[in-house]
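Asks:
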């Protein structure tokens, strides 16, 4: 991880990230593990914390705790060098744990680090990352600017009138690619339909094959004709970023109704999102006959691009392939600024506060994105992130115990190459810090 203020830890995170992607589980207190069972992620985190005080660790001991692919990627010397750079750590707080993934706050002196660890089926560590939690706005800015060439950030407070006041920012008014954070506007359009009595959270909508998208998510595997309540579509769209759920809601509500939610929520430049794409359309433009199809689409004047969408919708899902490098992320995406995202959260909070609007908060509260704020100080935490190759966004709302409404929006992008995997952990650490710095 490229990290602000502490180059030795920057090198550490790169080494520890090499073997796999970040895994953060759902909150679950660790229980006793039978002696015959493989080590849990919590067991391995305890070993790692202890190992920081014992470096160098023998290669034979490392082989008992690291997966072969991870050990091969980082090397015994590299792992021990990283432990030396870290110094002796102590566990401050377990934030999130399942048998296969754990997130914890580790400390040394006045510095707090966020650590994430995942194990394979044998209980061996296959991914491990450590990112510092910034202590000041200056540290936060430096950390963000080292993550990507294009950075947007806002830490803001929503006042009782629903107005966003930016407390600290980096280009907070510049629109950037959102990834799946666009789904906040789909949720807002659904909330508007409920408020207008055009829909109810308990209304059922049938799965349609022609509305199915690709993962992330699970509903693409649900048989056509299966009826699910709109609340379930909303929950899955937000909590696990289910693309098929999002596309079903866009089709159900109407593309124009969803697009109308952008200015309704105060987006400064909603025209950047015209026409408002479904996820399947974005996948088809980037994963089928690329770059020819995308180039033809972009060659059309923006007001005429909507006419191309019916043909794009006909691209079979099984003909769409994944891509691993950025593809037209500044032209084919959904776009908003960090300040726009704050205004979207303000609108969603207002909707949630109205009679019948609680489905909004129900969906947004299912997954905090790993920001792991102390629950006694922040009883309500909402989250929606987004990513594709070259794009990462991480957006939270938190209500403090004193009633403050705080928002953090982190937007990272690089049109030239994929973002390092551990940028995610660093973005989580930044959001964790930003919301608490804004609360001072």
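Residue numbers (mature numbering (1 follows the signal peptide of the UniProt record, and there is no 0)): -36 to -1, 1 to 404. The C-beta atom is built at its ideal place from N, Cα and C for all residues, glycine as well.
(1) Verify whether the separation of the beta carbon atoms of residue 359 and residue 305 is less than 8 Å.
(2) According to DSSP, is residue 279 part of a helix, a strand, or is it coil?
(3) Alpha carbon to alpha carbon, how far is residue 104 from residue 80? Give it in angstroms, no decimals.
(4) Excluding the 5 residues flanking residue 20 on each side, which residues of the same chain have their C-beta closer than 6 Å to its C-beta?
(5) Checking 8 Å against the spacing of the C-beta atoms, do residue 187 and residue 377 come in under that value?
(6) For residue 330, which residues of its own chain have a beta-carbon under 8 Å away from its beta-carbon, when the five flanking residues on both sides are left out?
(7) Using C-beta distances below 6 Å, list every residue in its chain close to residue -10, excluding the 5 sequence neighbours before and after it, in chain order.
(8) Would the beta-carbon of residue 119 fall within 8 Å of that of residue 337?
(9) Runs of 3 residues minimum, wholly inside the segment 341 to 374: which ones carry the beta strand (DSSP E) assignment?
(10) Three-state secondary structure (DSSP) at residue 229?
(11) Can you pull the DSSP bridge partners for residue 377?
(12) Need the endpoints of the alpha helix (DSSP H) that residue 382 sits in, please.
(13) Indicate whether residue 40 and residue 28 have their beta-carbon atoms separated by less than 8 Å.
(14) For the segment 171 to 188 against the segment 367 to 382, are there 3 or more C-beta pairs whose distance is under 8 Å?
(15) Say whether the segment 385 to 398 touches the segment 293 to 301, bearing in mind that this needs 3 or more beta-carbon pairs closer than 8 Å, one atom from each stretch.
(16) For residue 5, I'd like the list of residues in its chain whose CB is within less than 6 Å of its CB, leaving aside the five on either flank, ordered along the chain.
(17) In or out: residue 263 buried (at least 16 other Cβ within 10 Å) or exposed?
(18) So does residue 376 have its beta carbon nearer than 7 Å to some heavy atom of the ligand FMN?
(19) State buried or exposed for residue 318, treating a residue as buried only when at least 16 other CB atoms are found within 10 Å of its CB.
(20) Excluding the 5 residues flanking residue 322 on each side, which residues of the same chain have their C-beta closer than 7 Å to its C-beta?
Replies: The short version:
(1) yes
(2) Judged by DSSP in its simplified three-state form, residue 279 adopts coil rather than helix or strand.
(3) 19 Å
(4) 44
(5) Here residue 187 is not near residue 377, since their CB atoms are 8 Å or more apart.
(6) Hits under 8 Å: 199, 202 and 203.
(7) With a pLDDT of 22 at residue -10, under the threshold of 50, the modelled position of that residue is not reliable, and the figure given next carries that caveat. Same-chain partners within the cutoff: 60.
(8) The Cβ atoms of residue 119 and residue 337 lie no closer than 8 Å to each other.
(9) 344 to 352 and 355 to 363
(10) coil
(11) 114 and 355
(12) Where residue 382 is concerned, there is no enclosing alpha helix (DSSP H), given that its DSSP letter is neither H nor E.
(13) No, the pair does not count as a contact, with Cβ atoms beyond the cut-off.
(14) Contact annotation: the segment 171 to 188 does not touch the segment 367 to 382, with fewer than three C-beta pairs closer than 8 Å.
(15) no
(16) Taken in chain order, the residues that qualify are 64, 65, 66, 81 and 83.
(17) exposed
(18) Only the bare structure without any ligand can be found here, which leaves the ligand FMN out of the picture.
(19) exposed
(20) 316
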